[in-house]
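Take the sequence shown: its position 108, counting from 1, is numbered 108 in the UniProt record's numbering, and each next residue is one higher.
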Amino acid sequence: MSIDERFQAAVNIVQKLPKEGPLKTTNDQKLLFYSLYKQACNGRINSPQPSIFNFVERAKWNSWNELGDMAQNDAKIKYIEALQNIFDEAAGTINILEWLTNTINDPNLSKNFELIGRSVK
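Structure, rendered in C-alpha cells:
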C-alpha cells in the first residue's frame, strides 16, 4: 500500500469522526489535521496571512505556516501518526472501530482502518 492510499484512508476517517461521542478532537488536534492536510496536498503555504480580526482563519494559517518546508510525504506520514495517537489515547476506554461502525455508515471503514495499520479484529 502506498503512502497516498494510507493518507487518503486516514483523511476519510478523520472527516467522518462524529462531533459527539466518547472520542472528541481538541481544537489543537483539528488545527494539526488541517495544517498537515494542507501541507500534504499543497506543500508550503501559498496564501497571504489573514487579518488578526479573522481569528479562525488566522489560526489555521499560522498552523500551516509553522510547517514551513516540510515535505508533502512527511506531512502525510505525520497526519496518519496524529490519527494513530488519538486512537491510542482512546483505546483504553473505547473500542474505536466498534464505536465508529455503530455511529457512521461507511462500508469502507474496516478497510481504511487496515490501511492505516489498525487491527480490525
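The C-beta atom is built at its ideal place from N, Cα and C for all residues, glycine as well.
Rounded distance between the beta-carbons of residue j and residue i, thought under 8 Å
| i | j | result |
| --- | --- | --- |
| leucine 97 | valine 14 | That pair is no contact at about 15 Å. |
Minimum C-alpha distance to residue i - residue among the options
| i | options | result |
| --- | --- | --- |
| isoleucine 3 | Ala71, Tyr34 and Leu109 | Ala71 |
| alanine 59 | Asp88, Phe87 and Gln29 | Gln29 |
| glutamate 66 | Asn46, Arg118, Gly117 and Ala9 | Asn46 |
| leucine 23 | Trp99, Asn105, Gly117 and Pro48 | Trp99 |
Endpoints, alpha helix (DSSP H) assigned at residue i
| i | result |
| --- | --- |
| glutamate 57 | 55 to 65 |
| isoleucine 77 | 72 to 90 |
Distance, residue j Cα to residue i Cα
| i | j | result |
| --- | --- | --- |
| glutamate 57 | serine 63 | 10 Å |
| alanine 90 | glycine 21 | 12 Å |
| phenylalanine 87 | lysine 19 | 15 Å |
Check your understanding: Are the segment 30 to 40 and the segment 71 to 80 touching, with three or more C-beta to C-beta distances below 8 Å?
Key -> The segment 30 to 40, when compared against the segment 71 to 80, does touch it at the 8 Å Cβ threshold.
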